[in-house]
Every structure is written in structure tokens, then in C-alpha cells.
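Visitor:
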Amino acid sequence: MSISAKYNPAEIEDKWYKYWMDNKFFHSKPNPDKEPYTVVIPPPNVTGVLHMGHMLNNTIQDVLVRKARMEGKEACWVPGTDHASIATEAKVVAMLKERGIDKKSISRDEFLKYAWEWKEKYGGIILEQLKKLGASCDWDRTRFTMEEDLSDAVIKVFVDLYNKGKIYRGIRMVNWDPQGQTALSDDEVIHKEVNSKLYYVKYQIEGSDEHVIIATTRPETILGDTAICVNPEDERYAHLKGKKVIVPVVNRSVPVIFDEYVSMEFGTGALKITPAHDVNDYELGIKHKLESIDVIADDGTMSEAAQHFVGEDRFVVRKKIAKKLEELELLEKVEDYKNSVGFSERTDAVIEPKLSMQWFLKMEEITKPALENVMNDEIQLHPPKFKNMYRSWMENVRDWCVSRQLWWGHRIPAFYLPNGEYIVAETAEEALKLAQEKDSSIKAEDLRQDDDVLDTWFSSWLWPISVFDGFKNPENEDIKYYYPTNDLVTAPEILFFWVARMIIAGYEYMGEKPFKNVYLTGIVRDKQRRKMSKSLGNSPDPLDLIKEFGADGVRTGMLFSSPAGNDLLFDEKLVEQGRNFSNKLWNAFRLVKGWEIDESASNPSNKVAIDWFESKFNKALAEITDHFEKFRISDALMVAYKLTWDDFCSWYLEMIKPEFGKPIDKATFDATINFFEKVIKLLHPFMPFITEEIWHEIRERKDGECLIVAEWPKASVTNENLLDNTERVFEIITQVRNFRNNKGISPKEALVLAIKSSDQGLYDAFEDLIIKMANLERIDKVAEQPENATGFVVKGDEFFIPTDGLIDAEKEMEEIQKELEYTKGFLNSVQKKLSNERFVSNAPEKVVAMEQQKKADAEAKIKALEEQLATLK
Numbered sequence: 001m002s003i004s005a006k007y008n009p010a011e012i013e014d015k016w017y018k019y020w021m022d023n024k025f026f027h028s029k030p031n032p033d034k035e036p037y038t039v040v041i042p043p044p045n046v047t048g049v050l051h052m053g054h055m056l057n058n059t060i061q062d063v064l065v066r067k068a069r070m071e072g073k074e075a076c077w078v079p080g081t082d083h084a085s086i087a088t089e090a091k092v093v094a095m096l097k098e099r100g101i102d103k104k105s106i107s108r109d110e111f112l113k114y115a116w117e118w119k120e121k122y123g124g125i126i127l128e129q130l131k132k133l134g135a136s137c138d139w140d141r142t143r144f145t146m147e148e149d150l151s152d153a154v155i156k157v158f159v160d161l162y163n164k165g166k167i168y169r170g171i172r173m174v175n176w177d178p179q180g181q182t183a184l185s186d187d188e189v190i191h192k193e194v195n196s197k198l199y200y201v202k203y204q205i206e207g208s209d210e211h212v213i214i215a216t217t218r219p220e221t222i223l224g225d226t227a228i229c230v231n232p233e234d235e236r237y238a239h240l241k242g243k244k245v246i247v248p249v250v251n252r253s254v255p256v257i258f259d260e261y262v263s264m265e266f267g268t269g270a271l272k273i274t275p276a277h278d279v280n281d282y283e284l285g286i287k288h289k290l291e292s293i294d295v296i297a298d299d300g301t302m303s304e305a306a307q308h309f310v311g312e313d314r315f316v317v318r319k320k321i322a323k324k325l326e327e328l329e330l331l332e333k334v335e336d337y338k339n340s341v342g343f344s345e346r347t348d349a350v351i352e353p354k355l356s357m358q359w360f361l362k363m364e365e366i367t368k369p370a371l372e373n374v375m376n377d378e379i380q381l382h383p384p385k386f387k388n389m390y391r392s393w394m395e396n397v398r399d400w401c402v403s404r405q406l407w408w409g410h411r412i413p414a415f416y417l418p419n420g421e422y423i424v425a426e427t428a429e430e431a432l433k434l435a436q437e438k439d440s441s442i443k444a445e446d447l448r449q450d451d452d453v454l455d456t457w458f459s460s461w462l463w464p465i466s467v468f469d470g471f472k473n474p475e476n477e478d479i480k481y482y483y484p485t486n487d488l489v490t491a492p493e494i495l496f497f498w499v500a501r502m503i504i505a506g507y508e509y510m511g512e513k514p515f516k517n518v519y520l521t522g523i524v525r526d527k528q529r530r531k532m533s534k535s536l537g538n539s540p541d542p543l544d545l546i547k548e549f550g551a552d553g554v555r556t557g558m559l560f561s562s563p564a565g566n567d568l569l570f571d572e573k574l575v576e577q578g579r580n581f582s583n584k585l586w587n588a589f590r591l592v593k594g595w596e597i598d599e600s601a602s603n604p605s606n607k608v609a610i611d612w613f614e615s616k617f618n619k620a621l622a623e624i625t626d627h628f629e630k631f632r633i634s635d636a637l638m639v640a641y642k643l644t645w646d647d648f649c650s651w652y653l654e655m656i657k658p659e660f661g662k663p664i665d666k667a668t669f670d671a672t673i674n675f676f677e678k679v680i681k682l683l684h685p686f687m688p689f690i691t692e693e694i695w696h697e698i699r700e701r702k703d704g705e706c707l708i709v710a711e712w713p714k715a716s717v718t719n720e721n722l723l724d725n726t727e728r729v730f731e732i733i734t735q736v737r738n739f740r741n742n743k744g745i746s747p748k749e750a751l752v753l754a755i756k757s758s759d760q761g762l763y764d765a766f767e768d769l770i771i772k773m774a775n776l777e778r779i780d781k782v783a784e785q786p787e788n789a790t791g792f793v794v795k796g797d798e799f800f801i802p803t804d805g806l807i808d809a810e811k812e813m814e815e816i817q818k819e820l821e822y823t824k825g826f827l828n829s830v831q832k833k834l835s836n837e838r839f840v841s842n843a844p845e846k847v848v849a850m851e852q853q854k855k856a857d858a859e860a861k862i863k864a865l866e867e868q869l870a871t872l873k
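Mapping to full-length UniProt numbering: the sequence shown position 233 is 233, numbers consecutive.
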């Protein structure tokens, strides 16, 4: 058989992905004889293209799914995309602009036709890109949050919650995005520290020449002030009780109110109150029955109510009003000031707190089961450090503003009657029936549906239920078999946007959790710890990385340093390391398949190597199993990596490798092939392509007998004693090799090794192995150090290499003396530690035992070095 000298990822990846797809290995259907293993993909936005965060998230999901599939579970990974109202609407508006069309000039229906056209053309790009990564999703189950069945589910849930009294409509303070011209939930606002100005403005006390100084970062909102507020305990302002002040520029007379909310220490201790443009001012406005004047329009310009600078941008007005205040001699001073400002997550526009008529979901009661079942670990967050953050958010949650002022999305199923009343119903036909019960003269054309759409998260919070048609057909086979799902892999930044809300929906509509485990990945950052983004230009194109390093190399590279919940500092060297690992595996495969087999030969001396690797494999498998159970995916990969690179390739293959030009015995070859198969089974979830290729090349397979569905290795007994003794042997071989390197002795020159041990039989089983791998003429057992020999110590046993004619005795004595001095210094530091009573009594037993072993080893080494010196003098 001719094996390619170089592994070609692109050719092999395309071949095997097509084969897996053609043979339906990713497809799943309910199977009562199998345990289900279900993962739902965090649906990427239809506007999205693959970025490094997707790469990490989906690699982890694929690792979990592939392992479950090999464990014999019915693995089902459901893919799909989110309609992403704000982002998609922005893309469609931009597309229309390029065609010379203004959104305002076309109807809603016309706009939606363009939006669907855009979705059909670009909406599936990211899912196609995931295939390049090797994602083994059940593509036959691909869902979209605005497809008919899922849309019906969203509307059904809205109507149900409304009928339960959990959804209401009202004027409330919301986060307003003037660029997207829509309300946002608190979670869609990103707070950033910015350099601002603090303006100290004089408010004249009515009927007096005295002024109150107010500090503000937003002088444009002065036009909407309806009070100033001070703390009732603040003696500086006690004389203002019952007084009024004049609002600068608009000359409005407003009351001075007193409230404990105001901090006497902050600024001047007096606050301007603008109920229409600040959340806290809004609450004070309700409490003190203040007028609310909305001076900023939806597009971020000053409204008619402002009376001044009407139609001008709020930030332009900020400068203009500051200048005006200066002219009126009402601006005392301006200071540089750092403060936190909210930005829209989608458009990056500065958020305007604004009173707006919106739809809200009451959160106080509906969140209780979702909080309780995370706190009691019915649902587990990995790592658990996120539990406190989750609890804090859930205990302080505000009502969810679910309406958005957009056209692309699920239109709110509220229908307005001519008299302003409204009816909530799943369809216009149903709404008409309900309306006619109120007034039989009402016709269909008299009803007007609400123009707003629902927040995108209002559809994705139903995802684990709706992808299995759990609303349309609650008793269907899929929902009964696959729900609740098993593991969710997502980013911590959407723990509240999405994860918490899915848990809420799960308990509200299924009466149980939507998933058992939530694995929270870190953020992919560059070496300077900056979040990767297009704007910074610090994010490589994942597809370019796959092209250069292979999908397996990129997958393993991403996972080499991605502990759950902690950020990944991406370095291209990681994926280079991943590619090198693929090459190492491929070269090991070529080496083994290149050996000639002698059917009649036997080699009993290889038994120790075979027994050792069997135990080494079993120990690694137990560690990998433990890491997977604790969602330490990166650690699981590192165990598999070391087992493959260090133990299998570097030690085992060298231990059993036949002499150049000679054949290998069949028993050893068969054992090696079996080990190779077990190793690539462990590696398959991490690097599926190269392992599948080797699986088929390493021995003949029946059609469909693929690694993707091969049985996951089963744990067996580990011989710890054998592992410990073999580690000693490796140390001996390494010491002999180091001796050669340090002394410039050719690897081809056979040496003699003398062993002085309290258990001289300990090394008998390894004698052939040590002679072969250290290239020795023979091994002698001795009671004393031979003359003219250099030595070393391993685990208290002494080993000597006779040096007659090999080395310069004087130079050797110098080196031994240096090593002796160093070892004595090391022993001294260990003895100090052990003589410290606090250390001995407080340190764990294992740590103290390690220090005692270090002491014993150092003492043995000093003795051996002193004996060596004596023989050389």
C-alpha cells in the first residue's frame, strides 16, 4: 500500500465530510434502545460569518457530540440560525440604500420581501462554514427562528403570557437606540468608560439673586428639567424648602424637592431632575408627581417640546447649549470627567434613556423556578463561579421590554379597535371574532395590527422546545425523546440574554429544565488580551486558518488553551502546534504501516512494552473520562495529546521498533495496531478528519465501519506498579542518553551500565529494553561503585557507566564537583523546609512526603557523586 508522505488536510477533510453526510452519520431519530444525547446550537445570526468565537464554541460542541455518538448514544445536534432583527434590518436598509431605495419610501410588505431575499442569499453562509470545521450537526433538522412553525410558537407564547396577565403594555423608561430607532433591553446595552465633561450650571432661586449649582454631563437635557432635588438632611439646602428655581435657557419655574436618593457627597449635592430622560429621575418623577417633558425625539434630535434647537442632533446641542449658558453667565465651570455611558450592542449608538410606550413581560414570578433550579444544581453551570452572577441578575431582574420598533421580526399579535382598545390574538381572524363580541359592527379593515415586532430573544428563548415542535405538537415523538437536552455550550455574555430565559421558558412550558449542563466558554482574545474584532483588525479569518493548518490543527489549537469560563489568548502558534500534532500522528502511522511482518517470529522482550502501554492507556482514559465529566475539555485534550505524542510515539513505538531492515513479529504488530486504533478513538472527537483517514488505512474495513461510530474505549485495570517501574526505566535511559550528549560520545558506541540497588531483581524484566534503547553492551549488577565510572541516581538506586578511555578524568572531576555543590545547596534548602514545624504540621501529607523524597534522593545523589570523585582521584 502506498501511503502519502505528507498529510494533505484539504483533500482528506472534503472526502470524509462528504462521506459522513452521504451516509447520514449525523442524522438522528428517536431510538428507544439508545440513550439520547441532545445539543442545540446557539443559533448564530443570519447576518453572521464564522469568527473565532464561533470556532471555539462549535468545536467544543462537536467534541461532546462525537464522543457521545461513539459511546453508543443517539447523538442529535440541532443546527439553525436566528433572524437577528436589529442586525438584519440594518443590513437590508444598507442593501436598499445601495439600490437607491429609502426604507421610508416603501411599505412594510415590500421591505419584508427584500429582507427575505437577503436572508435566502446570505442567511446560510455561516452554517456552510461550520461544515468546513467538521461540525457533525444533523443538517436535516436545520431550523430558522422565523420559519412558519417557530413563528407560530412565538405568537402562541405571547398570547398565552398575555392571557395569564404576565404581558402588559405601558409607558415606561426604556433604553432607546436612536440609530436603530428601537427600544433595547438592559442586556443589549454595553457600558463603556468614556472621557466626558462635567458642566457646573447655575439655577437661579425664584425671587432671589441666589443660585444653586448643579453638575451635569448632559446639558442638552436641561430643556426637559422639571425639578431639582436635594437630600433632606443636607443643611446647605434647608432654606430651599418650599422654594422654586428657574431652569436656564427655557426659564421654566420648577420645584425644589427633597429625597434621600440624593447623595450629599456627590458633586454639589443637588441634582437636576429630568423624568423623561433618566431612569432614576423617572422613578423620582413618579414618587413626587413631577411633569415629564420628552425633549429628545426618536432619532436623537431635539423635539418640539424642547422649544430650542428643535431638529438638531443631541450632541451638537450639547456644545451649543454650553455656549449659550456661558453667554448667559450661568456656566460656572467645566471639568474633564470619566463616566460610564451605555451603547447599543448592535449599532454602537449612545443609548438615550427615554419614556416610551412598549410591551413588557413581568419577570418577578416567572423567574423563580429558573433561579431555584440553578442554585440547587438541577442545572449546572460550568465553571460554577457563574452561579453568583446568575443569582444576582435573577434576584434583581426588571420586567423585560419585549417590543422593538422594527419591521423584520415576529409582529406583535395585538390588534387595535377604532376606539383605541386592543385585542391580543394569534391571528387576525381570531382577533376579529373577539372584537365583534365587543362590537358586532366591526369589520376586518377596522382592525390595525401593532407595528412593533418582538425582541429577537423572545423567539430564541423557546429554542430547545420549538426546534422539536414542542408548541405545535406537544406530544410528538421528538420532543418526548430529545427534551430535556443534555449540554448547552455558549458564551458567558449571553448567560442572561439567552440561557436564563431558556430556563425560564423550560419551566413555564415544559415543567422542567431545558438542559442539564451549561458550559460557558471564554472570550477569544489576542496576545494583548484585546477581544478579537473586525474593527481592531486582530481577528484572523477562521477559513484561512483551516486552509493553512487544516481543520484538525485549528480545532486542537483552539482547545489547547481554552479552560471553561476563562478567556483564550489566541496565538497562531497554537494552531501551528495543532498542525504539527496531525503531522506527528501521520508520520507514526506511516512508520507502523511501513514495517514488514514476520508471521513466524516471536519477541517476548516486547511484552513489557505492550503491558506498559496498556496500563498507560487505561490510566489516560480514566483521566480523560474524569475531565469530560467535569467539562474540562482542554485538559482532556492535553491528556490525549501527551499519551499520543510522548507515550505512544516517543516511547512505545521506539520500544518495539524492529532493527533497521528487519521485520516485526506479528503479535507485537497486532498489539500496536490495536493500540493505534484505541489512541485515534480518543483523538477522534478533537481531530475527526485525520483519525477517520488513519482508521480506514490502518486495516481493511467493511462498508460503513467508520471511526465516527466506532465504540469508545472501555476502561480496564491499570498496573500502577508497572507504570512506576517503567518511569524509572525511562529516567535511566534518558540519563544514559544525556551522558552521551554531554560527553560527545556517539550514540552508536555501546556502553556498559552497572546497577547498585537494594532490589537487584527490579530491573530484570526491563533489561532487554534498557540495553536496546540506551544502546548498551550489557548491564552489570554491582555491590560497589566500579573504578573510573561516572554515575547518577534514580529513585535512590545508583547507576554507573565505566569511563575508561571515554572521557577526560580531570574535566569529569570538575563537573562532578560543580554538581556536588549544587546538590548540597538543594539538600540544604529542603532540610530547612522540613525543619520548619509550621510547614510540616500545616502542609498536606502528600506535599511533606514529596519533600522527604527529595531529601532522600539528594542524599543518595551526594553519596554517589562523592564516591565517583573518590574513584577518579
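Just so it is clear, CB atoms sit at the ideal spot from N, CA and C, and this is done for glycine as well.
In whole angstroms, give me the CA-to-CA distance for residue 353 and residue 174.
Guide: 6 Å
Visitor: Do residue 868 and residue 785 have their beta-carbon atoms positioned less than 9 Å apart in this structure?
Guide: yes
Visitor: Indicate whether the contact test is met: 3 or more Cβ pairs, each with one atom in the segment 553 to 567 and one in the segment 50 to 69, closer than 8 Å.
Guide: Contact check between the segment 553 to 567 and the segment 50 to 69: three or more CB pairs, one atom from each, fall below 8 Å, which counts as touching.
Visitor: Quick one, which of 518, 84, 222 and 717 has its alpha-carbon nearest residue 331's?
Guide: 222
Visitor: From 840, 407, 220 and 209, pick the residue whose C-alpha is nearest to that of residue 86; which is it?
Guide: When only C-alpha atoms are compared, the closest one is 407.
Visitor: To the nearest whole angstrom, what separates the beta carbons of residue 519 and residue 362, a pair I think is in contact under 8 Å?
Guide: Going by Cβ atoms, the distance from residue 519 to residue 362 rounds to 31 Å, so no, they are not a contact pair.
Visitor: Measure the C-alpha to C-alpha separation of residue 1 and residue 694 and round it to an integer number of angstroms.
Guide: Bear in mind that a pLDDT of 48 at residue 1, under 50, signals an unreliable position, so the model cannot answer this.
Visitor: Can you check the segment 609 to 686 for any alpha helix (DSSP H) of at least 4 residues that lies completely inside it and give the ranges in chain order?
Guide: 633 to 642, 653 to 656 and 666 to 683
Visitor: So what does residue 344 bridge to, in DSSP terms?
Guide: 189
Visitor: Using a Cβ-Cβ cutoff of less than 7 Å, which residues in the same chain neighbour residue 193 once the five nearest sequence positions on both sides are dropped?
Guide: Answer for residue 193: 338 and 340, listed in chain order.
Visitor: Could you check what DSSP says for residue 248 in three-state terms: helix, strand or coil?
Guide: coil
Visitor: Do you know whose CA, among 716, 803 and 702, lies nearest residue 744's CA?
Guide: 803
Visitor: Among 859, 475 and 190, which has the Cα closest to the Cα of residue 493?
Guide: 190
Visitor: When you compare the segment 378 to 393 with the segment 223 to 230, are there three or more beta-carbon pairs, one atom per stretch, that lie closer than 8 Å?
Guide: no
Visitor: Might you give, ordered along the chain, the residues of its own chain that have their beta carbon closer than 8 Å to the beta carbon of residue 318, omitting 5 neighbours on each side?
Guide: Within the same chain, residue 318 has close Cβ partners 218, 219 and 220.
Visitor: I'd like the ranges of any beta strand (DSSP E) spanning at least 3 consecutive residues and lying wholly in the segment 788 to 870.
Guide: 789 to 794 and 797 to 802
Visitor: If you draw a straight line from the alpha carbon of residue 28 to that of residue 133, how long is it in whole angstroms?
Guide: 20 Å
Visitor: Report yes if the C-beta distance between residue 648 and residue 675 is below 9 Å; otherwise report no.
Guide: yes
Visitor: Nearest by alpha-carbon distance to residue 252: which of 262, 232 and 273 is it?
Guide: 273
Visitor: Going by other Cβ atoms of all chains shown within 10 Å of its Cβ, with 16 needed for buried, is residue 89 buried or exposed?
Guide: buried
Visitor: In angstroms, rounded to a whole number, what distance separates the CA positions of residue 656 and residue 664?
Guide: 8 Å
Visitor: Determine, using beta carbons only, whether residue 697 and residue 684 come nearer to each other than 9 Å.
Guide: no
Visitor: What residues in its chain sit with their C-beta under 6 Å from that of residue 262, if we drop five residues either side in the sequence?
Guide: 229, 230, 231 and 271
Visitor: Identify, in the order they occur along the chain, each residue of the same chain with its Cβ nearer than 8 Å to the Cβ of residue 622, setting aside the five sequence neighbours on each side.
Guide: 715 and 718
Visitor: Using DSSP's beta-bridge definition, name the partner residues of residue 270.
Guide: 230
Visitor: Based on Cα-Cα distance, which residue from 689, 403 and 789 lies nearest to residue 66?
Guide: 689
Visitor: Can you tell me whether residue 773 is buried or exposed, with buried defined as 16 or more other CB within 10 angstroms of its CB?
Guide: buried
Visitor: Please look up how many angstroms separate the CB atoms of residue 503 and residue 355, rounded, as I've assumed it's under 8 Å.
Guide: The Cβ separation is near 31 Å, so there is no contact.
Visitor: Is DSSP giving residue 1 helix, strand or coil here?
Guide: In this prediction, residue 1 scores a pLDDT of 48, lower than 50, which makes its location untrustworthy; no coordinate-derived value is stated.
Visitor: Alpha carbon to alpha carbon, how far is residue 485 from residue 373?
Guide: 15 Å
Visitor: For residue 448, count neighbouring C-beta atoms within 10 Å of its own C-beta (all shown protein chains included) and say buried if the count is 16 or more, exposed if not.
Guide: exposed
Visitor: Do you know how far the Cα of residue 302 is from the Cα of residue 142?
Guide: 46 Å
Visitor: CB-CB under 8 Å to residue 16, same chain, minus the five flanking residues each way: which ones, in chain order?
Guide: Around residue 16: 688, 689, 692 and 693.
Visitor: Between residue 325 and residue 199, is the Cβ-Cβ spacing less than 9 Å?
Guide: yes
Visitor: What are the uninterrupted segments assigned as alpha helix (DSSP H) that are 4 or more residues long and contained completely in the segment 312 to 370, given in chain order?
Guide: 314 to 327
Visitor: Report, in whole angstroms, the separation of the C-beta atoms of residue 487 and residue 515, which I expect to be a contact under 8 Å.
Guide: 6 Å
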